[in-house]
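The next block holds one structure in the form of structure tokens; read it before the comments.
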Amino acid sequence: MNSRPPSAPSYRFTSSNAREEYTARPCISSSPPPSADGDNEKYAAPAAEPLSCISSNNKVPSSDTSEDALLPPASQRIQVAVRVRPMPTYRPSHPSRQASRCRTPLLPPTPLPFRRPSIPDTLPRTPSIRSLSVSSAQTNILKPLRGVPPLPAGENCITISPSAPDSICISDPTGRRGQKEFAFDAVFAEDDSTAQVYDQMVKGVVRKCLKGYNGCVFAYGQTASGKTFTMEGYKPTSFDAPPTDPADRGIILRVAADLVDHIQRVTASEARGESEHVTLFSVKASYVEIYQETLTDLLCDKEAQADLRIRMDPDSLSGKELYIQGLTQREVVDLEDYVRVVQAGARRRTIGETNMNDVSSRSHAVLTFTIEQIQRRRGVSEADELGTRKRSKIHLVDLAGSERVTSTGATGTRLKEGGSINQSLLALGNVISALSSQTRTPTQHVSYRDSKLTYLLSDSLGGNALTVMIACATPAGSCYEETMGTLRFAERAKKVALRARVNIDLQSRRILSLESEIAHLRQLLASSSRMLPQTQDASTLTLVSDVTQRVSKWKAFRASVSKRWKKLAWRAKRGLTKRGQIGVEDITSVA
Ligand SMILES: Nc1ncnc2c1ncn2[C@@H]1O[C@H](COP(=O)(O)OP(=O)(O)OP(=O)(O)O)[C@@H](O)[C@H]1O
1 MNSRPPSAPS YRFTSSNARE EYTARPCISS SPPPSADGDN EKYAAPAAEP LSCISSNNKV
61 PSSDTSEDAL LPPASQRIQV AVRVRPMPTY RPSHPSRQAS RCRTPLLPPT PLPFRRPSIP
121 DTLPRTPSIR SLSVSSAQTN ILKPLRGVPP LPAGENCITI SPSAPDSICI SDPTGRRGQK
181 EFAFDAVFAE DDSTAQVYDQ MVKGVVRKCL KGYNGCVFAY GQTASGKTFT MEGYKPTSFD
241 APPTDPADRG IILRVAADLV DHIQRVTASE ARGESEHVTL FSVKASYVEI YQETLTDLLC
301 DKEAQADLRI RMDPDSLSGK ELYIQGLTQR EVVDLEDYVR VVQAGARRRT IGETNMNDVS
361 SRSHAVLTFT IEQIQRRRGV SEADELGTRK RSKIHLVDLA GSERVTSTGA TGTRLKEGGS
421 INQSLLALGN VISALSSQTR TPTQHVSYRD SKLTYLLSDS LGGNALTVMI ACATPAGSCY
481 EETMGTLRFA ERAKKVALRA RVNIDLQSRR ILSLESEIAH LRQLLASSSR MLPQTQDAST
541 LTLVSDVTQR VSKWKAFRAS VSKRWKKLAW RAKRGLTKRG QIGVEDITSV A
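Per UniProt numbering, the sequence shown runs over residues 1 to 591.
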């Protein structure tokens with residue numbers, strides 16, 4: 001089964017580039033996405049604006065096709081937040097724990113015997129000290145102990161100062177390397193909820209995706225640092241069941257809720273005739289897993305798996321956008337559809353048990369929502385107007401965690417998985433290092449093809465997408481090296497420039513450009529015709545005053561002639577000249 005990336009049957013995005021098939025070749029590609037020096041613009045709305053058009057107010061975003069679509073690509077950089085999880089405890093290695101539990105599609109729900117630490121949906125940022133220690137009671141809640149005594153995680157090595165809430169300080173528990181401070185776009189402590197992470201970092205990206213930009217949110221960090229917790233949410237019943245309480249939702253379902261809400265609002269508002277446009281929306285979901293450099297479709301069973309290949313989409317705006325040939329695209333309309341997709345993915349995803357995490361993700365998972373919009377003027381049929389077409393994608397990526405064999409106690413399959421995970425994360429690190437290098441030239445080679453992960457995400461890493469990285473960190477002193485590695489990676493990612501642009505098809509772009517030119521000319525015409533009466537008045541006034549002057553001069557002249565004529569007539573009556581005799585020349589000169 002070779003399915004194309006989603007596209008409405010009535011149109012195609014134009015491009016002339018040929019397709020190209022992906023083959024994993026180290027360091028061969030030389031087509032890095034364009035990049036530019038980024039500014040510090042955040043994707044989120046300015047503080048004065050409500051955080052989302054989808055939020056509580058009833059306003060529906062106006063048609064925004066023209067302004068944004070014609071703007072040149074926006075220069076930004078990857079937005080980076082660090083989220084610190086509560087202090088964990090780890091269990092010592094036990095031979096029975098190495099039993100393979102991976103690659104078991106459609107596992108029955110396995111209830112996990114831990115309770116959720118009470119984390120309110122929205123917690124105000126604590127104004128005073130935000131120390132990261134947690135009570136032992138809460139610590140034990142975080143891991144199922146099953147009779148094995150926990151290992152102490154060591155001292156807390158992370159502090160977040162209330163005076164610099166977007167900075168994080170890490171200290172070497174051995175005291176050899178002292179302290180180091182890092183600054184990011186946001187830092188979230190253990191008491192900060194996923195809702196806060198979403199509102200501050202992701203909501204703005206979703207809004208931009210609805211305007212036609214591509215987006216990408218990825219969670220990075222060592223194993224058990226809270227990546228799946230952040231992306232998928234807290235699951236009180238089983239690892240493959242979606243969170244039942246909306247407050248437990250991770251970023252994926254929050255994005256889904258916002259998409260559903262926005263589309264419903266726009267559709268309802270257009271149905272009430274509040275907009276001069278009518279928009280047709282279509283959202284499709286695909287979910288792929290990269291396990292040991294193999295792609296697996298998480299939305300279909302093992303028997304139905306197609307041969308998945310990463311290819312270039314010639315119908316995309318750049319002609320180089322990547323898609324996975326053969327991947328299931330599932331239409332999603334309401335929240336239940338999205339929940340089903342998330343659940344299906346979680347059920348089929350490869351997980352395994354390690355000393356650090358009972359439900360450790362052994363693969364990278366990329367969930368993609370492709371949003372297509374066709375906007376036409378009200379009352380105009382498809383035959384008369386093709387409409388403005390936009391297609392954007394939002395990738396939500398839960399990476400597998402980097403791990404040390406000594407900490408995870410991995411052997412056999414787990415060890416092999418760990419090696420593969422570290423390998424692909426190394427490739428990701430190399431790409432980020434290359435992109436963030438100060439000395440990099442735009443044509444310089446970036447080895448995106450070193451791993452399927454980096455190749456698939458190449459556009460999101462330094463290309464046509466608004467990208468957010470959530471670096472998850474563990475505060476335990478025993479994890480100092482891994483946390484330091486995560487923070488260093490995050491610091492490099494912060495420097496990666498992006499060039500996101502609205503993904504609107506070329507014909508629509510041309511029509512929009514002509515429409516905007518017509519609007520501009522109309523404006524000019526209106527303003528010049530407004531000026532016309534004033535111009536007339538001014539010239540008329542000058543003319544009138546000129547004529548008035550001439551008339552008054554003429555009147556004065558006539559009065560003087562009349563006076564002289566009367567005088568002459570009087571003299572002529574008496575037969576007198578100046579000299580006492582009448583002179584003929586006097587009379588002719590007056591005439
Ligand atoms: N911010 C948090 N608040 C409360 N519990 C958390 C938080 N972050 C993580 N946890 C808990 O820590 C455990 C490990 O988290 P999670 O599975 O999300 O880690 P991970 O980074 O995805 O690990 P891996 O890379 O091994 O898959 C889970 O039990 C989770 O509920």
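Using N, Cα and C, we set each Cβ at its ideal position, and we do this for glycine too.
What is the C-beta distance between THR194 and THR228, in whole angstroms, given that I count them as a contact (C-beta under 8 Å)? Reading the sequence shown from its first residue, position 194 is the one you call residue 194. Reading the sequence shown from its first residue, position 228 is the one you call residue 228. THR194 to THR228, Cβ: 12 Å. No contact.
Please go through the same chain and pick out, in chain order, the residues whose beta-carbon is closer than 8 Å to the beta-carbon of PHE489, but skip the five residues on each side of it. Locating residue 489 in the sequence shown gives position 489, counting from the first residue. Cβ neighbours of PHE489 beyond the five flanking positions: TYR220, GLY429, ILE432 and ALA471.
CB SER363 to CB GLY401, shorter than 8 Å? Counting from one through the sequence shown, the residue named residue 363 turns up at place 363. Counting from one through the sequence shown, the residue named residue 401 turns up at place 401. No.
State yes or no: is the C-beta of LYS416 nearer than 7 Å to some heavy atom of ligand 1? In the sequence shown, the residue the question calls residue 416 occupies position 416. No - ligand 1 has no heavy atom lying nearer than 7 Å to the Cβ of LYS416.
What is the residue span of the alpha helix (DSSP H) that GLY345 lies within? Taking the sequence shown and counting its residues from 1, one reaches residue 345 at position 345. Looking at the DSSP string, the run of the alpha helix (DSSP H) that includes GLY345 is 335–348.
Could you tell me whether the Cβ of ARG176 comes closer than 8 Å to any Cβ of chain D? The chain inventory of the structure shown lacks chain D, comprising one protein chain alone.
Could you give the uninterrupted runs of the alpha helix (DSSP H) lying entirely in the segment 395–483, keeping only those of 4 residues or more? The DSSP assignment places complete alpha helix (DSSP H) segments of no fewer than 4 residues inside the segment 395–483 at 405–408, 412–436 and 452–456, in order along the chain.
Might you give, ordered along the chain, the residues of its own chain that have their beta carbon closer than 7 Å to the beta carbon of THR174, omitting 5 neighbours on each side? As a first step, residue 174 must be located in the sequence shown, where it is residue number 174. Closer than 7 Å at Cβ, skipping near neighbours: no residue.
With DSSP as the reference, identify every bridge partner of GLN222, one or two as the case may be. Mapped onto the sequence shown, residue 222 falls at position 222. GLN222 is bridged to SER402.
So is the beta-carbon of LYS227 under 7 Å away from any non-hydrogen atom of ligand 1? Residue numbering aside, residue 227 sits at position 227 when the sequence shown is read from its first letter. Because some heavy atom of ligand 1 lies under 7 Å away, the Cβ of LYS227 counts as near it: yes.
From the DSSP output, in three-state form, read off LYS393 for me. As a working note, residue 393 is residue 393 in the sequence shown. Reduced to three states, the DSSP call for LYS393 is strand.
For a test of the three-state rule: what should DSSP assign to GLY233, helix, strand or coil? Position 233 of the sequence shown holds residue 233. Three-state DSSP puts GLY233 in a strand.
With H, G and I counted as helix, E and B as strand and the rest as coil, what does DSSP make of GLY215? In the sequence shown, the residue the question calls residue 215 occupies position 215. Three-state DSSP puts GLY215 in a strand.
Could you say which of MET484, GLN523, SER458 and VAL496 lies nearest to ASP172 if we only look at CA atoms? The residue given as residue 172 occupies position 172 in the sequence shown. Check the Cα spacing between ASP172 and each of MET484, GLN523, SER458 and VAL496: the tightest is with MET484.
Quick check: is any heavy atom of ligand 1 less than 7 Å from the C-beta of CYS169? Counting from one through the sequence shown, the residue named residue 169 turns up at place 169. CYS169: no, Cβ never under 7 Å from ligand 1.
Please report the distance separating the alpha-carbon of GLN444 from that of LEU435. Locating residue 444 in the sequence shown gives position 444, where the first residue counts as 1. Locating residue 435 in the sequence shown gives position 435, where the first residue counts as 1. If I take the Cα positions, the gap works out to 9 Å.
What first and last residue would you give for the beta strand (DSSP E) that runs through THR279? Within the sequence shown, the letter at position 279 stands for residue 279. It spans 277–291 - the beta strand (DSSP E) in which THR279 sits, taken as one unbroken run.
State the DSSP-derived secondary structure class of THR244, mapped to helix, strand or coil. Residue 244 sits at position 244 when you count from the first residue of the sequence shown. Coil, per DSSP.
The beta strand (DSSP E) enclosing GLU372, as first and last residue numbers: If you number the sequence shown from 1, residue 372 lands on position 372. Residues 364–377.
Buried or exposed for PHE557, please, with buried defined as at least 16 other CB atoms from any protein chain shown within 10 angstroms of its CB. For the purposes of this step, residue 557 is taken as residue 557 along the sequence shown, with counting starting at 1. Around the beta-carbon of PHE557, fewer than 16 other beta-carbon atoms lie within 10 Å, marking it exposed.
Per-residue burial, LYS180 [other beta carbons within 10 Å of its own, 16 or more giving buried]: In the sequence shown, the residue the question calls residue 180 occupies position 180. LYS180 comes out exposed.
Tell me, please, which residues DSSP counts as bridged to LEU295. The count along the sequence shown starts at 1 and reaches residue 295 at position 295. Beta-bridge partners of LEU295 (DSSP): ILE290.
From LEU425, ASP334, GLY477 and ARG440, residue whose alpha carbon lies closest to that of ASP450: Translated into the one-based positions of the sequence shown, residue 450 becomes position 450. For ASP450, the nearest C-alpha among the options comes from LEU425.
Out of ASP301, LYS320 and ILE324, point me to the one whose CA is closest to ILE310's CA. Position 310 of the sequence shown holds residue 310. ILE324 is the residue among ASP301, LYS320 and ILE324 whose C-alpha sits nearest the C-alpha of ILE310.
Any chance the CB of GLY176 is under 7 Å from a heavy atom of ligand 1? Walking along the sequence shown from the start, residue 176 turns up at place 176. In the sequence as displayed, the identity of residue 176 is Arg instead of Gly. No, Cβ of ARG176 sits at least 7 Å from all heavy atoms of ligand 1.
What is the DSSP secondary structure of PHE188, reduced to helix, strand or coil? By 1-based counting over the sequence shown, the position of residue 188 is 188. It is a strand residue.
Specify whether the segment 454–472 and the segment 325–336 touch according to this definition: at least 3 beta carbon pairs, one from each stretch, less than 8 Å apart. no
GLU321 versus ALA164 - alpha carbon distance: By 1-based counting over the sequence shown, the position of residue 321 is 321. By 1-based counting over the sequence shown, the position of residue 164 is 164. Cα to Cα, GLU321 sits roughly 39 Å from ALA164.
Whole-angstrom C-beta distance between ASN156 and GLY462, which should lie under 8 Å: In the sequence shown, residue 462 corresponds to position 462, counting from 1. In the sequence shown, residue 156 corresponds to position 156, counting from 1. About 35 Å; that fails the 8 Å criterion.
Helix, strand or coil for LEU498 per DSSP? Start at 1 with the first residue of the sequence shown, and residue 498 comes out as number 498. Reduced to three states, the DSSP call for LEU498 is strand.
For ARG207, which of helix, strand or coil comes out of DSSP? The residue given as residue 207 occupies position 207 in the sequence shown. If DSSP states are grouped into helix, strand and coil, ARG207 belongs with the helices.
Close-in-space but distant-in-sequence residues of the same chain around GLY233 (CB under 6 Å, 5 per side omitted): Indexing the sequence shown from 1 puts residue 233 at position 233. Closer than 6 Å at Cβ, skipping near neighbours: PRO243, ASP248, ARG249 and GLY250.
Would the beta-carbon of SER361 be found less than 7 Å away from any heavy atom of ligand 1? On the sequence shown, position 361 is the one that residue 361 refers to. Yes, Cβ of SER361 sits closer than 7 Å to a heavy atom of ligand 1.
Please tell me whether VAL342 and ILE421 are closer than 8 Å, where the distance is taken between their beta carbons. Walking along the sequence shown from the start, residue 342 turns up at place 342. Walking along the sequence shown from the start, residue 421 turns up at place 421. Going by C-beta atoms, VAL342 is not nearer than 8 Å to ILE421.
Just the Cα atoms here: how many angstroms apart are ALA346 and LYS393? Position 346 of the sequence shown, counting from 1, holds the residue named residue 346. Position 393 of the sequence shown, counting from 1, holds the residue named residue 393. Distance between the alpha carbons of ALA346 and LYS393: 21 Å.
Do you know how far the Cα of LEU453 is from the Cα of ARG85? Residue mapping note: residue 85 aligns to position 85 of the sequence shown, counting from 1. Residue mapping note: residue 453 aligns to position 453 of the sequence shown, counting from 1. Those two C-alpha atoms are separated by around 25 Å.
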